[in-house]
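Asker: One structure coming up, written as C-alpha cells, with questions to follow.
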Amino acid sequence: MFKRQRFMCNFQRIFTFLISSTAAENLGFTSYPPAYLSKQARGKNLLIGANFASGSSGYYDTTAKIYNTIPLSKQVELYKEYQKKLVALVGQSNASSIVNGSVHFVSAGSSDFVQNYYINPLLYKKYTTDQFSDILLQSYTKFVKELYNLGARKMGVTTLPPLGCLPAVITIFGEDQNVCVEKLNKAAISFNNKLNSTSQKLQSELSALNLVVLDIYQPLHDLVTKPTDYGFFEARKACCGTGLVETSILCNAKSPGTCKNATEYVFWDGFHPSEAANKILSDDLLAAGISLIS
C-alpha cells in the first residue's frame, strides 16, 4: 500500500524562506520542498512537495509584474500542473490523499506595501492603507478558496512583519530617524488584524479546513526592540554591505562592508532576518503550527 506522505507547498514567499525551512525542521520534516521550476523538482522528488514562492511577488498581482516575478495567480496554475504530475506518479487516489494531508504555507503582503503601495502614487493617492489592505485580503480569500477546491485542508499563513522596523524601510521612510517607522508598523498591525478575522471567517465557511495564522510581527518586533535580550548586537543595520538598503543580488558575503559574524545581527540584508534570527522566529511559530500536523 502506498504510504501517505506529508509535505509542504510554499506559495508567495515566507518573510524569508529560511523561516519556513527552519519551521519545517521543527515540525518534523527532514527535507525541504524544491523550487517547482528547478531541476530538482522532478520525479519522486515531487513527493516531498514543491516551493512555488517567488520573491517580490504578493497578493496584488501588479506587484509581481513590476518586479518581473511570478504572480499569485500564476503560482496557482503551477500548482495545478504539479498536481497532474503527482497523479501521474502515484495515481489519483494517492495524490488526493497526499494533498489532503499536506501542509501548505502561504506568506505575502510585505512587498505589496513596501515595494509597491508606499512608493507608488497611483496606489497611495487612490487608496488609504485600509482600502489597500481590503484589496489584498480579497485576493487572499480567493486564493485560500482556490487551494481548498484543489484539495488543500491544512494551511499556515504568516502575518506581516513589523514593516517599519526593516533596515531598508527605516533608511527610505525614516526621515533620518534610526527608529522603526510607526506609520508602516500601524499598517501592518491593521492588516494582521484583518487577516485574523478573514481567516476565522474562511475556516467557519469551509468544512474541514485547518487554517492557522502564524504571527511573525510580535516575535520580530521583540528582536528589533530588545536585541540584547536575545543575544544580538545590531538590529538597525543589516549584516550585508552597508546594512541599510541592500538585498537580493546586491547583497552577498562578498559585498563590501559585509559583517564577519552574521549571528550578531537581527537582519542579514535590508529586508530579511539573519539565520540566527530566523531560528528564534521559527521556534515561536512552533506552538501555533503544531496543529497543522496533529
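Take the sequence shown: its letters are residues -24 to -1, 1 to 270, numbered as in mature numbering (1 follows the signal peptide of the UniProt record, and there is no 0). Even glycine gets a Cβ: it sits at the ideal position worked out from N, Cα and C.
Taking the alpha-carbon of F247 as reference, which of L136, I256, L268 has the nearest alpha-carbon?
Answerer: Looking at the Cα atoms, L136 is the closest of the given residues.
Asker: Using a Cβ-Cβ cut-off of 7 Å (strictly less than) and excluding sequence neighbours within five positions of G127, which residues of its own chain qualify?
Answerer: So the list reads S72, V75, N76, once near-sequence residues are dropped.
Asker: Return helix, strand or coil for L190, following the three-state DSSP convention.
Answerer: Note: L190 maps to strand in three-state DSSP.
Asker: Smallest Cα separation from V66: which of N172, I24, L98, F28?
Answerer: Out of N172, I24, L98, F28, I24 has the C-alpha closest to the C-alpha of V66.
Asker: Give every residue of the same chain whose Cβ lies closer than 7 Å to the Cβ of V145, excluding the five residues on either side of it in the sequence, and list them in chain order.
Answerer: The answer, listed in chain order, is V90, L139, V157, L160.
Asker: Give a yes or no on contact between the stretch 31 to 45 and the stretch 104 to 113, applying the rule of three or more CB pairs nearer than 8 Å.
Answerer: Taking 8 Å as the limit for Cβ pairs, the verdict is that the stretch 104 to 113 does touch the stretch 31 to 45.
Asker: In this structure, does DSSP put H80 in helix, strand or coil?
Answerer: Correct three-state label for H80: strand.
Asker: Using CA atoms only, rank isn't needed, just tell me which of D191, Y100, S250, K41 is closest to residue 272.
Answerer: The structure shown does not extend to residue 272, since the chain is modelled only from -24 to 270, so the question has no answer here.
Asker: Please report the distance separating the alpha-carbon of E210 from that of S258.
Answerer: Rounded to the nearest angstrom, the two C-alpha atoms are 20 Å apart.
Asker: Note down the Cα distance separating K50 from V79, rounded to an integer number of angstroms.
Answerer: Their Cα atoms are separated by approximately 20 Å.
Asker: Please list the segments of the beta strand (DSSP E) lying wholly inside the stretch 107 to 193, counting only runs of 3 or more residues, in order along the chain.
Answerer: The stretch 107 to 193 contains these whole beta strand (DSSP E) runs: 130 to 134, 186 to 190.
Asker: Which residue's Cα is closest to the Cα of S175: Y116, C141, L123, S166?
Answerer: The option with the nearest alpha carbon to S175 is Y116.
Asker: Determine the extent of the beta strand (DSSP E) in which N27 is found, giving its start and end residues.
Answerer: Note, N27: beta strand (DSSP E), 25 to 27.
Asker: Short of 8 Å in beta carbon distance, which residues of its chain neighbour I256, apart from the five on each side in sequence? Order them along the chain.
Answerer: Excluding residues within five positions, the ones whose Cβ falls inside 8 Å are P195, L199, Y206.
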